[in-house]
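Colleague: As they're listed, the protein sequences go chains A and B. Okay, so the first sequence: first residue is 48 according to the working numbering, each after it adds one. Okay, so the second sequence: first residue is 5 according to the working numbering, each after it adds one. For reference, the structure I am asking about is given below.
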Amino acid sequence: MAHQKTYEEINEKIKRGEAVVVTAEEVIDIVEEQGLEKAAREIDVVTTGTFGPMCSSGVFLNFGHSRPRIKMSKVWLNGVEAYAGIAAVDAYLGAAQLPENDPENKVYPGRFSYGGGHVIHDLLAGKEIRLEAIGYGTDCYPNKKVDTIIKLEDLNEAVLFNPRNAYQNYNCAINLSDRTIYTYMGIVKPNLGNASYSTSGQLSPLLNDPYYKTIGVGTRIFLGGGIGYVAWNGTQHHPNVLRGENGVPKVGAGTLAVIGDLKQMDPNWLVGLSYIGYGATMAVGIGIPIPILDEEILSYAAVKDEDIYCPIVDYSEGYPYGKSIDLGFANFKELKSGKITIDGKQVISTPQSSIYRARKIAGTLKEWIKAGSFEISKPVAPLPSADANIEFKSIPERNPNGNR
Amino acid sequence: MKNRVVCYFSAAQSEQPIIYQLIKDYDLIVNILKADINPQKEGYLVVELEGEREKYKSGVDYLKSLGIHVEPLSETVIWSEEICIQCGACSSFCPTQALDLDRETMMISFNNSKCIVCGMCLDCCPTRAIKLYFEVREAV
Ligand code: SF4
Ligand code: SF4
């Protein structure tokens, strides 16, 4: 029978400092040289990494009370509003939130120089942040206004909670129209002027565990330079999509909701971004260890860029208006080489997510595990996988004023 | 024709309505990019001047006749390595490979001597790690 390992056995080796840990890039050659069986016996953990813009990110904050106490109904941090519709001095600051007076796209394309992601980065960098809050005043919370300066260390809690991160595969954006477009995939030049892709391919967490056999609720991960956990599947998690023979989805599929204490993270791994004409967001660094429990799991983790495909999508008409324009697929080896061919035309391809930084994350996680400071964890519940029957819904068009 | 120039003023010249004259008498489109003008003090003005060739020339001659130094604007692009997250997006915008993505290490590097200051890369950088600087002398 094929060799099997348990989470406990692997953790014992980690504690003894004997675990064999390699990155999702290094594992490719090892499997090629040694074969699956031998490699599966030897390797304990494969580390993955990704660093790119992830809009569905944000942080729960608890400010502590003012004296007299306040029930905050609106909260701003450096002029960027945080959602205050929860308990008195709790708020949620979203990465894509813009300052009150941001000109947005009124002068097109807008600059979006500062937003929620920048505030999170500044907090983490130890900078002083202006906190403004208003409340309507109650008998128990009489204060109506707070205007002060805070730092991360002044907060009771700052918990990063990102409802959708680490998308398993993503579109490669191109532009078939004759005007430049400004998107969350960056600037896309007219008439197939460039192609913009995201995800770190063979290093990307969910592309190395395509059926979520080891990544599930409770998995301990590298998050923003510190330690975090998978909290749930992310929003828009859609595992039952088109997959290749190797099990890897050929379109956007699974996603993760992740959580962790912001106070132990590092500003290098949570960076505010400004996409011209689109908005503000945040680059998030995530790394996930994959315990090599058996050969099958290793075979997934050894996936190569040339065997990962993503759809080429037109962002001038196809994506925004939901028109299906078949442009085929590109594999990550071509994409990373810098040129892909669409309709017989050579198109420059550049990434939005940083491979250089993804490598650093996978490398850091590897060092943590080898040093015994990071143990792997068995999921407490699985994520819905390819056999799920999830329907990808859109907003229904109904008449709120009754039937007509 | 269209050009970007720096105009250096002495203290006395800073009081004169030169922009008004350039527009009214020389029919030029004047776009002020940067200015440091204070009454009774020397200063400078970075402007983009646009108009017919002849009028452009006489407009610049007019400035010179007032004793204003007019020089072509020298701009430089500065890339801050500390801010850059190495996403690589800028590399498809740079026509000269001054910003270059090494496809092995997937690292971006910037080579100032290759940069022609075309400005193509400025908008695409999500961390605003690439900035355009006007080189202006401190004083006349
Ligand atoms: S200004 Fe032009 S030449 Fe210089 S780095 Fe940017 S894109 Fe390249
Ligand atoms: S676009 Fe900006 S952040 Fe990205 S590699 Fe270029 S300079 Fe660095």
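All C-beta atoms, glycine included, are put in the ideal place defined by N, C-alpha and C. Only a predicted model underlies this, so the values are computations on that prediction, with no experimental measurement involved.
Would you say proline 426 of chain A and aspartate 91 of chain A are within 8 angstroms of each other, going by their C-beta atoms?
Modeller: Here residue 426 of chain A refers to the residue found at position 379 of the first sequence. Here residue 91 of chain A refers to the residue found at position 44 of the first sequence. In this structure, aspartate 91 of chain A does not lie closer than 8 angstroms to proline 426 of chain A by Cβ.
Colleague: Nearest to threonine 456 of chain A by alpha carbon, out of A/Asn109, A/Leu303 and A/Ser432?
Modeller: No statement about residue 456 of chain A is possible, as the shown extent of chain A runs from 48 to 451 and does not include it.
Colleague: Let me check you understand the geometry: is the CB of leucine 32 of chain B closer than 7 angstroms to at least one non-hydrogen atom of ligand 4?
Modeller: In the structure shown, ligand 4 is absent; the only ligands present are ligand 1 and ligand 2.
Colleague: Under 7 angstroms Cβ-Cβ, which residues of chain A neighbour threonine 131 of chain B?
Modeller: Translated into positions along the second sequence, residue 131 of chain B becomes position 127. Here the neighbours are Val318 and Leu320.
Colleague: Sorted by chain position, which residues of the same chain lie with C-beta nearer than 7 angstroms to serine 95 of chain B's C-beta, five sequence neighbours on each side aside?
Modeller: Counting from 1 along the second sequence, the entry for residue 95 of chain B is found at position 91. Leu103, Asp104, Leu105 and Ile112, listed in sequence order.
Colleague: Which residues in chain B sit within 8 angstroms of isoleucine 355 of chain A, going by Cβ to Cβ distance?
Modeller: Sequence index remark: in the first sequence, residue 355 of chain A carries index 308 (1-based). Those within 8 angstroms of isoleucine 355 of chain A in chain B number zero; the least Cβ separation is about 16 angstroms.
Colleague: Mind pulling the chain B residues with CB within less than 7 angstroms of isoleucine 395 of chain A?
Modeller: Here residue 395 of chain A refers to the residue found at position 348 when the first sequence is read from its first residue. Ordered by position in chain B, the residues that pass the 7 angstroms Cβ test against isoleucine 395 of chain A are Ser96.
Colleague: Within this structure, are the beta carbons of lysine 118 of chain A and threonine 185 of chain A separated by less than 8 angstroms?
Modeller: The residue you call residue 118 of chain A lines up with position 71 of the first sequence. The residue you call residue 185 of chain A lines up with position 138 of the first sequence. Taking 8 angstroms as the Cβ cut-off, lysine 118 of chain A and threonine 185 of chain A qualify as a contacting pair.
Colleague: Going along the chain, which residues of its own chain have a beta-carbon closer than 6 angstroms to the beta-carbon of glutamate 364 of chain A, five neighbours each way excluded?
Modeller: Position 317 of the first sequence holds residue 364 of chain A. Excluding sequence neighbours, glutamate 364 of chain A sits near Lys370.
Colleague: Compute every distance between the C-beta of cysteine 88 of chain B and the non-hydrogen atoms of ligand 1, then say whether any falls below 7 angstroms.
Modeller: Here residue 88 of chain B refers to the residue found at position 84 of the second sequence. No, ligand 1 has no heavy atom inside 7 angstroms of this Cβ.
Colleague: Kindly indicate which residue of A/Ala330, A/Gly240 and A/Tyr231 has the alpha-carbon position closest to the one of glycine 163 of chain A.
Modeller: Counting from 1 along the first sequence, the entry for residue 163 of chain A is found at position 116. When each option's Cα is compared against that of glycine 163 of chain A, the closest is A/Ala330.
Colleague: Show which residues of chain B have a CB atom less than 8 angstroms away from the CB atom of glutamine 144 of chain A.
Modeller: Within the first sequence, numbered from 1, the residue matching residue 144 of chain A stands at position 97. Going along chain B, no residue has its Cβ under 8 angstroms from glutamine 144 of chain A, so there is no contact; the nearest lies around 16 angstroms.
Colleague: Closest by CA to valine 277 of chain A, which one among A/Pro210, A/Asp169, A/Asp390 and A/Ser420?
Modeller: Translated into positions along the first sequence, residue 277 of chain A becomes position 230. Closest by alpha carbon: A/Pro210.
Colleague: Below 6 angstroms CB to CB, which residues in the same chain sit around asparagine 116 of chain B once its five sequence neighbours on both sides are set aside?
Modeller: Walking along the second sequence from the start, residue 116 of chain B turns up at place 112. Hits under 6 angstroms: none found.
Colleague: Cβ closer than 9 angstroms: which chain B residues qualify as neighbours of asparagine 241 of chain A?
Modeller: The residue you call residue 241 of chain A lines up with position 194 of the first sequence. Ser96 and Phe97, listed in chain order.
Colleague: When the Cα atoms are used, what is the spatial distance from proline 115 of chain A to lysine 310 of chain A?
Modeller: As a first step, residue 115 of chain A must be located in the first sequence, where it is residue number 68. As a first step, residue 310 of chain A must be located in the first sequence, where it is residue number 263. So the alpha carbons of these two residues sit roughly 27 angstroms apart.
Colleague: Taking Cβ positions only, does proline 189 of chain A come closer than 8 angstroms to chain B?
Modeller: Counting from one through the first sequence, the residue named residue 189 of chain A turns up at place 142. It does not: the Cβ of proline 189 of chain A has no partner Cβ on chain B nearer than 8 angstroms.
Colleague: Helix, strand or coil, according to DSSP, for lysine 60 of chain A in the structure here?
Modeller: For this step, residue 60 of chain A is matched to residue 13 along the first sequence. Helix at lysine 60 of chain A.
Colleague: Return the first residue and the last residue of the beta strand (DSSP E) that threonine 195 of chain A is part of.
Modeller: Taking the first sequence and counting its residues from 1, one reaches residue 195 of chain A at position 148. That run of the beta strand (DSSP E) goes 192 to 197.
Colleague: Buried or exposed: where does isoleucine 87 of chain B fall if 16 or more other Cβ atoms within 10 Å of its Cβ makes it buried?
Modeller: Position 83 of the second sequence, counted from the first residue, corresponds to residue 87 of chain B. Exposed is the call here.
Colleague: Give me the chain B residues within the contact set of arginine 404 of chain A, using Cβ-Cβ distance strictly less than 7 angstroms, ordered along the chain.
Modeller: For the purposes of this step, residue 404 of chain A is taken as residue 357 along the first sequence, with counting starting at 1. Within chain B, the residues near arginine 404 of chain A are Ile89 and Gln90.
Colleague: Between which two residues does the beta strand (DSSP E) harbouring isoleucine 234 of chain A extend?
Modeller: Position 187 of the first sequence holds residue 234 of chain A. That run of the beta strand (DSSP E) goes 233 to 235.
Colleague: Quick check on lysine 380 of chain A - is its C-beta less than 8 angstroms from some C-beta in chain B?
Modeller: Here residue 380 of chain A refers to the residue found at position 333 when the first sequence is read from its first residue. Not closer than 8 angstroms to any Cβ of chain B, the Cβ of lysine 380 of chain A fails to qualify, so no.
Colleague: By the criterion of Cβ-Cβ separation under 7 angstroms, what are the contact partners of glycine 233 of chain A in chain B?
Modeller: Counting from 1 along the first sequence, the entry for residue 233 of chain A is found at position 186. Neighbours of glycine 233 of chain A on chain B, chain order: Ala93 and Cys128.
Colleague: Chain B partners of lysine 383 of chain A, CB-CB under 8 angstroms?
Modeller: Reading the first sequence from its first residue, position 336 is the one you call residue 383 of chain A. In chain order: Arg107 and Met110.
Colleague: Please state if the CB of tyrosine 347 of chain A and the CB of aspartate 256 of chain A are separated by a distance shorter than 8 angstroms.
Modeller: Position 209 of the first sequence holds residue 256 of chain A. Position 300 of the first sequence holds residue 347 of chain A. Result yes, Cβ atoms of aspartate 256 of chain A and tyrosine 347 of chain A sit closer than 8 angstroms.
Colleague: Straight-line CA distance for glycine 141 of chain A to histidine 50 of chain A?
Modeller: Counting from one through the first sequence, the residue named residue 141 of chain A turns up at place 94. Counting from one through the first sequence, the residue named residue 50 of chain A turns up at place 3. Computed Cα separation, rounded: 45 angstroms.
Colleague: Is it buried or exposed, serine 224 of chain A, if we count other Cβ atoms within 10 angstroms and call 16 or more buried?
Modeller: Mapped onto the first sequence, residue 224 of chain A falls at position 177. Label assigned to serine 224 of chain A: exposed.
Colleague: If I'm right that leucine 250 of chain A touches glycine 96 of chain A with Cβ under 8 angstroms, what's the distance once you round it to whole angstroms?
Modeller: Numbered from 1 along the first sequence, position 203 holds the residue referred to as residue 250 of chain A. Numbered from 1 along the first sequence, position 49 holds the residue referred to as residue 96 of chain A. Sure, about 5 angstroms apart at Cβ, within 8 angstroms.
Colleague: Name the residue from B/Cys129, B/Ile134, B/Cys11 and B/Gly63 whose alpha carbon lies nearest to the alpha carbon of isoleucine 80 of chain B.
Modeller: Residue numbering aside, residue 80 of chain B sits at position 76 when the second sequence is read from its first letter. Sequence inspection shows threonine at residue 80 of chain B; the isoleucine mentioned does not correspond to that position. The candidate whose alpha carbon is nearest that of threonine 80 of chain B is B/Ile134.
Colleague: With distances taken between CB atoms, is the gap from alanine 86 of chain A to isoleucine 77 of chain A smaller than 8 angstroms?
Modeller: Within the first sequence, numbered from 1, the residue matching residue 86 of chain A stands at position 39. Within the first sequence, numbered from 1, the residue matching residue 77 of chain A stands at position 30. Yes, the Cβ-Cβ distance between alanine 86 of chain A and isoleucine 77 of chain A is below 8 angstroms.
Colleague: Would you decide whether alanine 418 of chain A is buried or exposed? Buried here means 16 or more other CB atoms lie within 10 Å of its CB.
Modeller: The sequence position of residue 418 of chain A within the first sequence is 371, counting from 1. Its Cβ having fewer than 16 others within 10 Å, alanine 418 of chain A is exposed.
Colleague: In chain order, what residues of the segment 94 to 107 of chain A put their CB closer than 9 angstroms to some CB of chain B?
Modeller: Hits within the stretch, in order: Phe98, Gly99 and Pro100.
Colleague: Excluding five sequence neighbours on each side, which residues of the same chain lie with their C-beta closer than 6 angstroms to the C-beta of proline 189 of chain A?
Modeller: Counting from 1 along the first sequence, the entry for residue 189 of chain A is found at position 142. Contacts found: Pro115.
Colleague: Do cysteine 119 of chain B and ligand 2 come close, with the Cβ less than 7 angstroms from some heavy atom?
Modeller: By one-based count along the second sequence, residue 119 of chain B stands at place 115. For ligand 2, not one heavy atom lies less than 7 angstroms from the Cβ of cysteine 119 of chain B.
Colleague: Any Cβ of chain B within less than 8 angstroms of the Cβ of serine 466 of chain A?
Modeller: The first residue shown for chain A is 48 and the last is 451, placing residue 466 of chain A beyond what the model contains.
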